[in-house]
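A.B. asks: Residue numbers (the numbering used here): 17 to 111.
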Amino acid sequence: AAVAAAAHAGDPVALASFERAAQALAAGIAATATLVEIDIAVVGGGVAGAGEILFAPLRRFLGVYATLDFVRDLTVVPALTGTDAGLLGAAAAAS
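1) Which residue or residues does DSSP assign as beta-bridge partners of Pro94?
2) In its own chain, which residues sit with a C-beta less than 7 angstroms from the C-beta of Thr91, not counting the 5 before and 5 after it?
3) Can you give the Cα-Cα distance for Leu74 and Ala20, rounded to whole angstroms?
4) Identify whether Thr50 lies in helix, strand or coil by the three-state DSSP scheme.
5) Assuming contact is defined by CB atoms lying nearer than 8 angstroms, are Ala95 and Ala49 in contact in what I supplied?
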């Protein structure tokens with residue numbers, strides 16, 4: 017949360033860290049989408065709380081990595097459950 021706050025305040029090191037994280041996340045999401053043909057990727061947990069500091073570069077990098085026709089329209093959204101997304105997913109998988 018502190019890095020996100022610093023990025024929102026314009027700190028260049030914090031912004032660069034989100035840029036790099038978004039690039040890595042985009043590469044992973046694009047590769048996964050290519051393998052399993054998903055239409056939407058939901059990003060949850062605390063990192064999703066960074067908002068557009070994360071999602072703007074993430075969408076930009078997806079344009080670079082998601083090159084196949086069936087992956088180009090992939091949607092990436094923050095989880096509606098915020099930081100509880102992982103817990104809810106684990107609970108659903110266990111039941």
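Idealized CB from N, CA, C, for every residue including glycine.
C.D. replies: By the coordinates alone:
1) Locating residue 94 in the sequence shown gives position 78, counting from the first residue. DSSP, once it has assigned bridges, lists Val59 as partnering Pro94.
2) Within the sequence shown, residue 91 is the residue found at index 75, counting from 1. The residues are Asp55, Ile56.
3) Position 58 of the sequence shown, counted from the start, is the residue given in the question as residue 74. Position 4 of the sequence shown, counted from the start, is the residue given in the question as residue 20. Approximately 15 angstroms between the Cα atoms of the pair.
4) Here residue 50 refers to the residue found at position 34 when the sequence shown is read from its first residue. Thr50: helix per DSSP, three-state reduction.
5) Translated into the one-based positions of the sequence shown, residue 95 becomes position 79. Translated into the one-based positions of the sequence shown, residue 49 becomes position 33. Not in contact: Ala95 and Ala49 (Cβ atoms no closer than 8 angstroms).
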